[in-house]
């Protein structure tokens with residue numbers, strides 16, 4: 023099925039470890055986003071990209087880095103994981119014109 | 076900071092009844108969108124209403140937008156048990172690279 027694919031689906035990290043979350047979309051969307059979702063809260067934007075080779079900070083960027091080397095991929099990195107980064111992470115993409123986002127199924131990350 | 080705030084936070088109804096959820100926001104928007112999230116899944120786009128539109132329909136969904144009051148409502152008619160999910164409103168603002176700001180959601184439970 024066409025859409026947004028996130029890997030991995032689950033991960034447990036120890037404090038201080040690093041990891042990269044992968045997001046791939048096959049809809050030729052220009053815009054891609056990383057959000058985190060915490061219990062009882064809506065989604066908060068971490069970083070976003072308006073095209074290949076470009077990235078920008080969102081509402082909660084601290085502790086995360088991103089890269090968009092190819093149009094279809096958007097990577098989210100945690101260099102030194104902290105318990106406060108325990109969350110569910112969602113990647114999404116959208117076209118440049120009007121239209122809704124397409125979301126991935128999420129990555130549930132626990133930092134112990 | 077979250078732009079949209081949903082009301083109520085939780086809603087429980089019987090199958091066949093209508094469900095109404097409300098969303099308020101703070102600053103001017105390009106459009107407002109509604110998403111559904113089933114437990115443990117990603118968000119699914121339901122409907123988008125532009126700032127110059129007042130009402131929009133899609134199947135059993137009816138969305139209204141009142142820009143003077145900075146509020147929107149989502150009506151689900153003849154609800155089904157399968158409509159049980161969390162519903163989020165999200166706002167898109169001018170010059171925002173189509174970033175969406177999400178509310179904290181309404182948990183809808185439809186009892187069979």
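Residue numbers (the numbering used here), protein chains in the order written: chain A, 23 to 134; chain B, 76 to 187.
Here a beta-carbon is modelled for each residue, glycine too, at the ideal position from N, C-alpha and C.
(1) Quick check: the Cα distance between residue 133 of chain A and residue 77 of chain A, rounded to an integer number of angstroms?
(2) Tell me the DSSP secondary structure of residue 84 of chain A in three-state form.
(3) Which bits of chain B does residue 72 of chain A rub up against, with CB to CB less than 7 Å?
(4) Taking the DSSP output, what are the residues bridged to residue 69 of chain A?
(5) In its own chain, which residues sit with a C-beta less than 7 Å from the C-beta of residue 126 of chain B, not counting the 5 before and 5 after it?
(6) Do residue 86 of chain A and residue 70 of chain A have their C-beta atoms closer together than 8 Å?
(7) Have a look at residue 107 of chain A and residue 50 of chain A and give me their C-alpha separation to the nearest angstrom.
(8) Are any of the Cβ atoms in chain A nearer than 8 Å to that of residue 107 of chain B?
(9) What in chain A is Cβ-close to residue 120 of chain B, meaning under 9 Å?
(10) Counting only Cβ pairs nearer than 9 Å, list the residues of chain B close to residue 112 of chain A.
(11) Is it right to say residue 157 of chain B is buried, meaning 16 or more other beta carbons lie within 10 angstroms of its own, or is it exposed?
(12) Residue 158 of chain B by DSSP, collapsed to three states: which one?
(13) Am I right that residue 122 of chain A and residue 120 of chain B are in contact with their C-beta atoms under 8 Å? What's the rounded C-beta distance?
(14) Cutting at 7 Å between CB atoms, please list the residues of its own chain near residue 100 of chain A, excluding the five before and the five after it.
(15) List, in order along the chain, the chain A residues whose C-beta lies closer than 8 Å to that of residue 180 of chain B?
(16) Hey, would you say residue 185 of chain B sits closer than 8 Å to residue 152 of chain B, going by beta carbons?
(17) With 8 Å as the threshold, decide whether the Cβ of residue 175 of chain B is near any Cβ in chain A.
(18) Please name the residue in A/120, A/119, A/115 whose C-alpha comes closest to that of residue 28 of chain A.
(19) Mind checking which residues open and close the beta strand (DSSP E) that includes residue 27 of chain A?
(20) Report the rounded CA-to-CA distance for residue 124 of chain B versus residue 36 of chain A, giving the unit in angstroms.
(21) Count the other C-beta atoms from every protein chain shown that fall within 10 angstroms of the C-beta of residue 90 of chain A, then say buried if there are 16 or more, exposed otherwise.
(22) Distance, Cα to Cα, residue 131 of chain B vs residue 24 of chain A?
(23) Could you tell me which chain B residues have their CB closer than 9 Å to the CB of residue 67 of chain A, listed as they occur along the chain?
If we stick to the structure as given:
(1) 25 Å
(2) coil
(3) 172
(4) A/56, A/79
(5) 104, 105, 106, 142
(6) no
(7) 30 Å
(8) no
(9) 121, 122, 123, 124, 125
(10) 117, 118
(11) exposed
(12) helix
(13) 3 Å
(14) 40, 41, 85, 86, 107
(15) 64
(16) no
(17) yes
(18) A/115
(19) 26-29
(20) 43 Å
(21) buried
(22) 27 Å
(23) 174, 175, 176, 177
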